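Protein chains: 2
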Amino acid sequence: MATRTQTVAEICAQARSAARGLATLETAVKDAALEAIAAALEARVVEILEANAGDLEDGRAAGLDAALLDRLALDEQRVEQMAVGVRDVLALPDPVGEELDARTLPNGLSLRKVRVPLGVVAIIYEARPNVTVDASALAIKSGNAVVLRGSSTASRSNAVLARVIAEAGDAAGLPEGSVQLLAGGERSELIELARSEGLVDLVIPRGGEALKATLKEHARVPVIYAAAGNCHVYVDASADPDMARRVAFNAKVQRPGVCNSSETLLVHADAAPAILPALLGEFHDAGVELRTDARARALAGSLADEIVDATEEDWATEYLGLTMAVRVVDSLEEAIDHVNRYGTGHSEAIVTEADQAARDFVEGVDAACVYVNASTRFTDGGEFGMGAEMGNSTQKLHARGPIGLRELTTYKYVMHGTGQIRE
Amino acid sequence: MATRTQTVAEICAQARSAARGLATLETAVKDAALEAIAAALEARVVEILEANAGDLEDGRAAGLDAALLDRLALDEQRVEQMAVGVRDVLALPDPVGEELDARTLPNGLSLRKVRVPLGVVAIIYEARPNVTVDASALAIKSGNAVVLRGSSTASRSNAVLARVIAEAGDAAGLPEGSVQLLAGGERSELIELARSEGLVDLVIPRGGEALKATLKEHARVPVIYAAAGNCHVYVDASADPDMARRVAFNAKVQRPGVCNSSETLLVHADAAPAILPALLGEFHDAGVELRTDARARALAGSLADEIVDATEEDWATEYLGLTMAVRVVDSLEEAIDHVNRYGTGHSEAIVTEADQAARDFVEGVDAACVYVNASTRFTDGGEFGMGAEMGNSTQKLHARGPIGLRELTTYKYVMHGTGQIRE
């Protein structure tokens, strides 16, 4: 069993050992384990909710705010969603063994480039207990051992979830130690985890800037960082006004606290008179605080007095809330320059009816996900058909965008010869 | 022109600007530029050799050893090989725009995952001037701007090569600043380069441990490190004795100073009596100093007195010369454990006639390249049909093994919709 209190070194060594077995496990065994885990989550829902109730009680006593408590809270439906998530991952193709290249070299050597698991993946995350389940399912399917390090606010929920997963997985034939929870909330443990060279192959932080700063200072194992999401919607001169308003509104308002929501609206000067007066009113009615340049304010009618002048800092800010910056630009190029200057490479959208403008925006914007005529809110492993996600990368190396099964693999060149030597 | 003395910041800013143009350049334009560069190398061979003669003269005056002078030296044939290398890269498919995935999501959004260049790639390398050409060709074909930082020993050669490349490239329509040489030999410049966040997307060091240590301490941009190559040949119980001797000898002796040469020979106890006596003699005759365990020494006959006892340190050492560690193991598992414990994840070989042993070794060994019945010496971008290589990675993230065109790219999700919003 994997959730006793153990040292970081013990946990990582067990994970490394489990990883060796996991790497060569048949797809059918991994899938059977995932089905067993999904079934166990359903069967043990009462136990899970009891543990969660304890976390919630502690959280309320500690004065956690309503949003955090909501992210922490589980009910029967949310547990059922976890099981569904596991089965979604189960249904995806096994990335391990996928042939990325196969050739015979002139000297007769057969070259195959084959996907293999990374080994041991550690994930560090905050309140949401469903990450415990998503991360475990993705790790198992991709043949990786996983070390989970949740937040102390969710300690009881995570402990029972990790226990349910490990017990069901062990019984279904996963190597012992495949899924392990690092129970302690100590910062020193986090640092030790991130310095476990040779034991941990990748750390994925899902948390705030303080966590990232700690890892940047201390980590010795590879880390995939996700920058904040300073995302934009650009309304091109040729945009359909109704679509533009719908997309811009959705990208900002539908769930403003997440990284793929948009922070700045850019509108081409030719489209602004037809779009901004109504759209600024809609934002205002939805409780959005507006920070705009002078040209946008001039189109705000009676709202103009309530609008704050946007500063350089506003263009660079991820509000993660009901605040939005608005700027009128004179050209597509100006929009692209703005996005590349202030954006964080997460998700960027253009609304346009012009194919050339769409192409130029897609090619010119340097971001993980670029949308034409759709909301930025779709950047998500689940939405992308990846079952779930370990996180969302804004870096360019290894993984960009949602981190799913393939992103948890590396590859190996397998060369078969008949005694070839180099002359 | 790109080889005047400029500040690191100026060079990186020009490279960033060039990268934007390079990213969307047609394949035909890039290929025409590469052909122009190959032709210019041929046409300007006298100028190149003159510069090289100056470097060689300085090198001899500074007392550089023969091996270093040989790596530095150019002649007509080596310059012609550079041109051939450029045309080899030209002939490869353009990685940019390659579709890695394409699906329509249930909500009608079209998802495309498309290869795009990284942007600005910096390479830091030592004596060999051909790296200037190889790196430039790979960068151009993959749509990246490149910042070259060679060693001061090759400063004249690199300056003229970079000038030839930049002039031919500019004339053929590459954005100005696509290929730039960081001329200064100052360590502070190296550090500034490695801290140019937002300007440089990747640094690839090709040099010794001191360079890597400097980067580990100072780099803020992503670096792909290559560990040393502590490579092994394992002779299985079922190995063909002649093939085993041929492969083991080649892997050690053909070019012992390079990272894909082998350092330790592991021999199954059942195969050792038939193989080691003759093979140890061959190594000895070739001038290889042998460091073995007791069982190997017992099979060394009259050589036994000249054999040094291998220590724990020998198993962990990359000799990069005519020294070899030899160990007899009792099983395939013991060989795999030895390789995973002491190896650096570079290139590992098994010689065997047993399919199951080959499979177990390939699956069990954690390395970039695993060979069955072939020498480890083939790990090389050129040998792998990648035209050339920017370096050779032993890390698992992003690139593993030779760094060629694909490894110099990232990807972008391009989503086309009809106004989709998230509910």
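Heads up: the protein sequence lines correspond to chains W and R, in order.
If you want this note's numbering, it's the 1-based position in the first sequence plus 136.
If you want this note's numbering, it's the 1-based position in the second sequence plus 136.
We put the beta carbon where it would ideally sit given N, CA and C, even for glycine.
Remember, predicted model here, so these are calculated numbers, not experimental data.
For residue i and chain R, any beta-carbon pair shorter than 9 Å?
i	result
Glu146/W	no
Asp502/W	yes
Ala387/W	yes
Ile301/W	no
Asp337/W	yes
Met526/W	no
Lys532/W	yes
Gly457/W	no
Leu402/W	no
Asn509/W	yes
His159/W	With the sequence shown as reference, residue 159/W is identified as Ala, and His is not the correct amino acid for it. Cβ-Cβ to chain R under 9 Å: yes for Ala159/W.
Phe419/W	no
Ile360/W	yes
Could you tell me the alpha carbon to alpha carbon distance between residue i and residue j, rounded to whole angstroms?
i	j	result
Ser314/W	Met218/W	19 Å
Val144/R	Ala440/R	57 Å
Pro265/W	His404/R	50 Å
Ser293/R	Glu178/R	15 Å
Asp450/R	Asn476/R	15 Å
Leu85/R	Pro341/W	The shown model of chain R, from 137 to 559, leaves out residue 85/R, and the question about it has no answer.
Leu426/R	Leu318/W	46 Å
Thr453/R	Glu399/R	7 Å
Pro116/R	Arg431/W	Because chain R here runs from 137 to 559, residue 116/R falls outside it and cannot be looked at.
Leu205/R	Ile360/W	41 Å
Arg152/R	Lys388/W	31 Å
Arg251/W	Leu200/W	43 Å
Val296/R	Leu210/R	13 Å
Asp335/W	Asp378/W	The displayed chain sequence assigns Leu, not Asp, to residue 335/W. Approximately 53 Å, taken between the alpha carbons.
Arg196/W	Gln556/R	38 Å
Beta strand (DSSP E) containing residue i: first to last residue?
i	result
Gly553/W	545-556
Ser398/R	398-404
Val315/R	315-317
Between residue i and chain A, is any beta-carbon pair separated by less than 9 Å?
i	result
Glu345/R	Note that chain A does not occur in the displayed structure, where the protein chains are W and R.
Kindly indicate if chain W contains any beta-carbon less than 9 Å away from that of residue i.
i	result
Gly255/R	yes
Thr141/R	no
Lys548/R	yes
Glu499/R	yes
Met551/R	yes
Leu560/R	In the structure displayed, chain R extends from 137 to 559; residue 560/R sits before or after that span and is not available.
Met460/R	no
Met379/R	yes
Cys505/R	yes
Gln390/R	yes
Asp230/R	no
Arg566/R	No information on residue 566/R is available, as it lies outside the stretch 137 to 559 that chain R covers here.
Glu328/R	no
Glu559/R	yes
Thr163/R	no
Gly305/R	no
Gly199/R	no
Which first and last residues belong to the alpha helix (DSSP H) in which residue i is found?
i	result
Lys249/W	No alpha helix (DSSP H) contains Lys249/W, which is instead part of the beta strand (DSSP E) from 246-253.
Thr163/R	163-179
Glu560/R	What the structure shows of chain R is the stretch from 137 to 559, and residue 560/R is not part of that stretch, so it cannot be assessed.
Pro311/R	First-last for Pro311/R: undefined, no H or E at that position.
Ile327/W	323-330
Arg156/R	144-159
Val383/R	377-389
In chain order, what are the residue ranges of uninterrupted beta strand (DSSP E) at least 3 long that sit wholly in the segment 426-468 of chain W?
459-465
At 3 residues or longer, what runs of the beta strand (DSSP E) sit wholly inside the segment 202-286 of chain W?
235-240, 246-253, 256-261, 281-285
Beta strand (DSSP E) runs contained entirely in the segment 338-368 of chain R, provided each spans 3 or more residues
338-342
Flag this pair as touching only if the segment 406-419 of chain W and the segment 535-543 of chain W have three or more C-beta atom pairs under 8 Å; answer yes or no.
no
When the Cβ atoms of the segment 205-217 of chain W are set against those of the segment 514-526 of chain W, are three or more pairs found closer than 8 Å?
no
Jot down the residue ranges of each uninterrupted alpha helix (DSSP H) in the segment 473-527 of chain W, minimum 4 residues, whole runs only, in chain order.
491-500
Touch check for the segment 499-508 of chain W and the segment 217-236 of chain R: three-plus C-beta pairs under 8 Å?
no
Using 8 Å as the Cβ pair cut-off and three pairs as the minimum, do the segment 415-426 of chain W and the segment 349-365 of chain W touch?
no
Tell me whether the segment 299-313 of chain R and the segment 151-165 of chain R touch, counting them as touching only if at least three CB pairs, one residue from each stretch, are closer than 8 Å.
yes
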